[in-house]
Amino acid sequence: MSRIREKFAQLKRDTAKGFIPFVTAGDPNLDISREIVLKLAELRASVIELGVPFSDPMADGPTIQLSSQRALLNGVNIRNIFDLVSDVRKKTEVPIVLFSYLNPLFQFGLEKLRDEAARIGIDGILITDVIDVEANEISDMLAEKSLDLISLIAPTTSDQRIEKISSLSKGFIYAVSRAGVTGARSVSSSAAESLVTRARKYTDLPIAVGFGISTQSQIEDVWRYADAAVVGSAIVSEIAKSNDSSQTVQTVEAFVTSLLPQVAKSST
Amino acid sequence: MNYQPNERGYWGEYGGRFVPETLVSALDELTAAYFVARDDGDFRTELESLLKDYSGRPTPLFYAKRLSETLGGAKIYLKREDLNHTGAHKINNCIGQILLARRMGKKRVIAETGAGQHGVATATVCALFGLDCVVYMGTEDMRRQELNVFRMRLLGAEVREVDSGSKTLKDAINEALRDWVTNIDTTYYLLGSALGPHPYPLMVRDFQSVIGKEARQQILDMEGRLPDYLVACVGGGSNSIGLFHDFLPDESVKMIGVEAGGSGSKLGEHAARFIAGSGVGVLQGTKSYVLQDNDGQIASTHSISAGLDYASVGPEHAYLHDLRRVEYVSASDDEALEAFKQLSKTEGIIPALESSHAIAHLIKIAPEMPSDTILIANLSGRGDKDVNTVAGLMQRNQE
Ligand SMILES: Cc1ncc(COP(=O)(O)O)c(C=O)c1O
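Next up, the structure:
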């Protein structure tokens, strides 16, 4: 069984819910980024989403745009990210999903990417700007090496599309909480709940909700109706804030600890 | 030969739809609305009457006698898109899309702009129909196209500065896309070139193809035959595809697209996507030729003209390039500047710096051609917006 499926099965057995942090690989630099990933695994991340930096992140708000830029200033590329994951894999079995725009992956070569990703223990890939036929082709290609292409659904996705997307999805489904770019928002949205309710009609796959989740009460709210909550910009902005990089890992740890509801901390 | 994309917006391997899921429903809605409108007689009538009465179409096809004689070769005709209302071809597309936006019941319009001509044209049609208008523009472009920023504001549009990335057209498109995903229910994205996800490259091409339709009839009336060459500058690719499209089936008509050669041939010094070649990629919703580094990060670009300063190119051009139906060449900043001056002096027409790239290329090729060769160059816009930039450069060159 894949690590992602195993993890969600385990959560289900424990009647627990998942926490999926997102960080950009190589922000603020590769060494600290690796330490952050290990720390997140230790803090019981169910899955870690590792962002591949891109020069033109059209679906991201300012926080992740800047984070991407910091990583690119360090010259971070896919090879470095593979090295990072290889290191991390020596110490943890936490499922890792690459979160990327298509172009950096496309230039690397999708089949080569698949083979190397599978070899070093990456579990899934989420590509923000790939949909429909192209997504199905990539999904089939990744599946040959047991990698999951994680699909997105949004409040604007019709029932008909949700049905089609769900039937072809692997791993888990990522429900975008609201129309918009990534970024922390204080309000929780009922659009997300109704989206998850609609998707439930078509799939038994775990559903994670993300975009704009930055507080404990938002996580608790998501856990009421979905299987996991994704927290991205809120963590990334903690990384941005800690200007002394020797403190970054502790800053992230303190923030994530404060963010996680008690249930998650006690569930093993 | 079929020059239509397939139902998923692909010309060969180029085009398609590479967007976040949130945008899909809006693109489906837009595609459906466009296909209905395209076949609707009322829509066509309204479009044609605005093109005529508001923008002043048909634009003239002008025989540039002095330029032809000075260069001493081909007979040069200029398709005077600069004489459109607002001073460039961009209004052709804006009139079409604003009528569509109204049919779709959208009250808020957003756009990106590089040179500011598309922003001005969008602000203009929004004023005409009383719609809210927000235009995204890179801060570098706002600096060099200051006059157009002022015009947009005068027309009632809000101009939002984009200070990320290279602070030019590409970054303005990113910001417009971010606005669109956030305000998808209320907002119409009026994209300004033959770029982006399906159906934009097709729709913009269709609205711009009035240029070639007119030119074809005009040259037949004036010369009794089709031209030998068409020349146009290629930014995103809308004025060029607009001129070329109606002639594509005519094998005797050769076509040349002129990209921005900028200040040199290294990545970052130009916007010559076909010439300098860093291959195929996916940017801002479409698959096409893209200037990028080995890691797939989009390269910065440079051109004297804001409207050509873009890292990718419309997918139909990528297809025509591979078919070798259109030849793509480049003209440097300096050559464009010389062409700008020469056309001003010989014909009394001040061209946009974008259009000056097309003129620069015909200055290179026309003298080699026999005198019965007929060449049509697209004068995509007028140069008033560039006078400050050119004055600054001329001053610097003298020092
Ligand atoms: C006058 C003029 N010509 C050409 C262009 C280039 O765009 P396109 O290649 O879409 O015609 C622009 C874009 O701003 C422009 O303003």
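The listed protein sequences derive, respectively, from chains A and B. Each number in our numbering corresponds to the 1-based position in the first sequence with 25 added. Each number in our numbering corresponds to the 1-based position in the second sequence with 190 added. Where a beta carbon is used, it is the ideal one built from N, C-alpha and C, also for glycine.
For the pair A/V122 and A/G196, the CB atoms are nearer than the 9 Å cut-off. With contacts defined by Cβ atoms closer than 9 Å, B/A556 and B/G263 form a contacting pair. For A/G149, the secondary structure class from DSSP, reduced to helix, strand or coil, is strand. By the Cβ neighbour-count rule, A/Q185 is exposed, with fewer than 16 other Cβ atoms within 10 Å of its own.
B/R350 is bridged by DSSP to B/Y326. Taking a C-beta distance under 9 Å as the contact criterion, B/K360 and B/I488 qualify as a contact pair. For the set A/E31, A/K42, A/E162, the Cα lying nearest the Cα of A/A254 is the one of A/K42. Proximity of chain A to B/K360 at the Cβ level (cut-off 7 Å) is accounted for by D81, in chain order.
Just so you know, the alpha carbons of B/V209 and B/S534 end up roughly 43 Å apart. Of the other Cβ atoms in all chains shown, fewer than 16 fall within 10 Å of the Cβ of B/P439; this residue is therefore exposed. With 16 or more neighbouring CB atoms inside 10 Å of its own CB, A/T49 falls in the buried class.
Spatial neighbours of B/S522 in its own chain (CB-CB distance under 6 Å, excluding positions within 5 residues in sequence) are listed in chain order as G451. The Cβ-Cβ distance between A/T207 and A/G257 falls below 9 Å.
For B/S383, the shortest separation between its Cβ and any heavy atom of ligand 1 lies below 8 Å.
For A/T49, DSSP records a beta bridge to A/G76. If you draw a straight line from the Cα of A/S270 to the Cα of A/A66, it comes to about 20 Å.
The criterion of a C-beta distance shorter than 9 Å is satisfied by A/I198 and A/P231. For B/E517, the shortest separation between its Cβ and any heavy atom of ligand 1 does not lie below 8 Å.
Assignment of B/M559 by DSSP, reduced to helix, strand and coil, places it in the coil class.
Along the region 206 to 228 of chain B, going in chain order, the ones with a CB nearer than 9 Å to a CB of chain A are G206, R207, F208, V209, P210, E211, T212, L213, V214, S215, A216, D218.
In this structure, the C-beta of B/V421 stays at least 8 Å away from each heavy atom of ligand 1. For B/V472, the neighbours in chain A by C-beta distance under 9 Å run, in chain order, Y126, L127, N128, F131, D154, V155. Sequence-distant partners of B/Q585 (beyond 5 residues in either direction) whose C-beta falls short of 8 Å from its own C-beta are missing from its chain. Taking 9 Å as the cut-off, the Cβ atoms of A/I29 and A/G235 do not count as close.
With respect to the C-alpha of B/S570, the residue from B/I401, B/H511, B/C284 having the closest C-alpha is B/I401.
Counting the other CB atoms within 10 Å of its CB gives B/V226 a total below 16, which places it among the exposed residues. A distance of 9 Å or more separates the beta carbons of A/I163 and A/I147. When rounded, the separation of the alpha-carbon atoms in A/T182 and B/G486 is 29 Å.
Remark: three or more beta-carbon pairs, one from each stretch, lie closer than 8 Å, so the region 195 to 213 of chain B and the region 475 to 484 of chain B are flagged as touching.
Residue-level contact check: B/D524 does not touch chain A, since none of the beta carbons of chain A fall below 9 Å from its beta carbon. Following the DSSP letters along the chain, one finds B/G231 inside the alpha helix (DSSP H) bounded by residues 231 to 243. When Cβ-Cβ separations below 9 Å define contact, A/A254 makes no contact with chain B. Cβ contact annotation for B/T303 (same chain, cutoff 6 Å, sequence separation greater than five): G309, V325, M327, in chain order. In this structure, the C-beta of B/L552 stays at least 8 Å away from each heavy atom of ligand 1.
Proximity of B/S478 to chain A, defined by a Cβ-Cβ separation below 9 Å, is not satisfied. What B/L367 touches in chain A, judged by beta-carbon distance under 7 Å, is M83, going in chain order.
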